[in-house]
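Numbering (our numbering), first residue to last: 102 to 337.
Just so it is clear, CB atoms sit at the ideal spot from N, CA and C, and this is done for glycine as well.
As structure tokens, the structure follows; a few thoughts come after it.
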Amino acid sequence: MTNYILRLDDACEKRKIESWNRIESILDKYKIRPLVGVIPNCEDPSMDDYEFDYDYENRLKSWVKKGWTIALHGYNHVYSTKSGGINPVNFRSEFAGEPLEVQKEKIREGLRILKGYGIKPKVFFAPSHTFDEKTLVALLEESDIRIISDTIAYDSYTNYGFTFVPQQTGKVRSLPFKKVTFCYHPNTMRDKDFEELEEFIFKNSKKFIDFPTNTVTRRFNLIDWILKKLYFLRRK
Ligand SMILES: [Zn+2]
Numbered sequence: 102m103t104n105y106i107l108r109l110d111d112a113c114e115k116r117k118i119e120s121w122n123r124i125e126s127i128l129d130k131y132k133i134r135p136l137v138g139v140i141p142n143c144e145d146p147s148m149d150d151y152e153f154d155y156d157y158e159n160r161l162k163s164w165v166k167k168g169w170t171i172a173l174h175g176y177n178h179v180y181s182t183k184s185g186g187i188n189p190v191n192f193r194s195e196f197a198g199e200p201l202e203v204q205k206e207k208i209r210e211g212l213r214i215l216k217g218y219g220i221k222p223k224v225f226f227a228p229s230h231t232f233d234e235k236t237l238v239a240l241l242e243e244s245d246i247r248i249i250s251d252t253i254a255y256d257s258y259t260n261y262g263f264t265f266v267p268q269q270t271g272k273v274r275s276l277p278f279k280k281v282t283f284c285y286h287p288n289t290m291r292d293k294d295f296e297e298l299e300e301f302i303f304k305n306s307k308k309f310i311d312f313p314t315n316t317v318t319r320r321f322n323l324i325d326w327i328l329k330k331l332y333f334l335r336r337k
């Protein structure tokens, strides 16, 4: 049986609060706890126009209390390179292609800000899914984070000293993987997206699991490799 994980990207002070509330009420209704990526110091100009949440700290804490898993989602969410790194689903990055010292500082500062909210994340995922080996070294040296949400695979696997929990699609659907992470951006979701998501959850609520924060020993194998090849072929 396939298990589903829901991931919500781009939580920060500035966001489309109405949409975040809408998805939260759907998830509460079906008792689904997502992985939510928090941007510690958002400077992404595309998010400038969203309203500022003056109650952000309490909202973050209420998510933690509900059992939502918090991930460090980059530092400022500003793309400074055109690199795809080791998960080239996009060719723009806050991390991939940046020097190690720059990446270390981003991780260090990001964690410092989240610590101010009483949050110590166990999971990392980069803006636009793009990171490189140096990002992993930076995480090893600056944090206790050993779990990454990203890359295409059949199931969670270990590599470079990290457990990778695969993240395959931005839309609910059946796929031939053991674990599927659906990645949603509440800020840009339309009515139709909310309706499709709720319909899928209604039919499949028992298959949804909390984000797994345990490390695994399974290695990336031939099945993962074939599925990854097919995924990138289809994208071309
Ligand atoms: Zn993002």
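Buried versus exposed, by CB contacts within 10 Å (16 or more), residue i
i    : result
L323 : exposed
N288 : buried
I246 : buried
E119 : exposed
E152 : exposed
Y105 : buried
P200 : exposed
R116 : buried
S275 : exposed
S250 : buried
K166 : exposed
D129 : exposed
K98  : Here the chain covers residues 102 to 337 and nothing more, so residue 98 does not appear.
T318 : exposed
D111 : buried
T316 : exposed
G198 : buried
I310 : exposed
G138 : buried
L334 : exposed
P267 : buried
Contact set for residue i: own chain, Cβ-Cβ below 6 Å, skip 5 residues either direction
i    : result
G168 : R134
S306 : Y131
E300 : none
M290 : S120
Strand pairing of residue i, partner residues [DSSP]
i    : result
N104 : K280
G168 : Note: G168 sits in no beta bridge, so no partner.
T182 : S194
Y285 : L109
S250 : V266
N260 : F263
R320 : T259
L173 : V139, F225
K115 : F153
F333 : None, per the DSSP bridge assignment.
Min CB distance residue i to chain B below 9 Å
i    : result
E199 : Of the chains in the structure shown, none is chain B; there is only one protein chain.
Spatial neighbours of residue i in its chain, beta-carbon cut-off 7 Å, leaving aside the 5 residues before and after
i    : result
W121 : P287
K223 : I246, I248, T314
S244 : I208, L212
D325 : A254, Y255, Y258
Y157 : E114
L237 : Y261, F263
Integer-rounded CB distance, given that residue j should sit under 8 Å from residue i
i    : j    : result
I302 : I124 : Their Cβ separation, rounded to whole angstroms, is 10 Å, which puts I302 and I124 out of contact at 8 Å.
L109 : Y285 : 6 Å
L107 : F283 : 6 Å
L328 : F265 : About 13 Å; that fails the 8 Å criterion.
L240 : F225 : 6 Å
Cβ neighbours of residue i in the same chain (closer than 8 Å, five flanking residues each side left out)
i    : result
Y180 : R193, S194, E195, P228, S229
Y332 : I253, Q269
K308 : M102, T103, N104, Y105
N142 : Y176, N177, E210, G211, I214
D154 : E114, K115, R116, I118, R160
D149 : K115
E144 : N177, H178, V179
Exercise for the section: Inspect the CB distances between the region 232–245 and the region 183–201 and report whether three or more fall short of 8 Å. Expected result: yes
Exercise for the section: Determine contact between the region 159–177 and the region 211–225, defined as no fewer than three beta-carbon pairs at a distance below 8 Å. Expected result: yes
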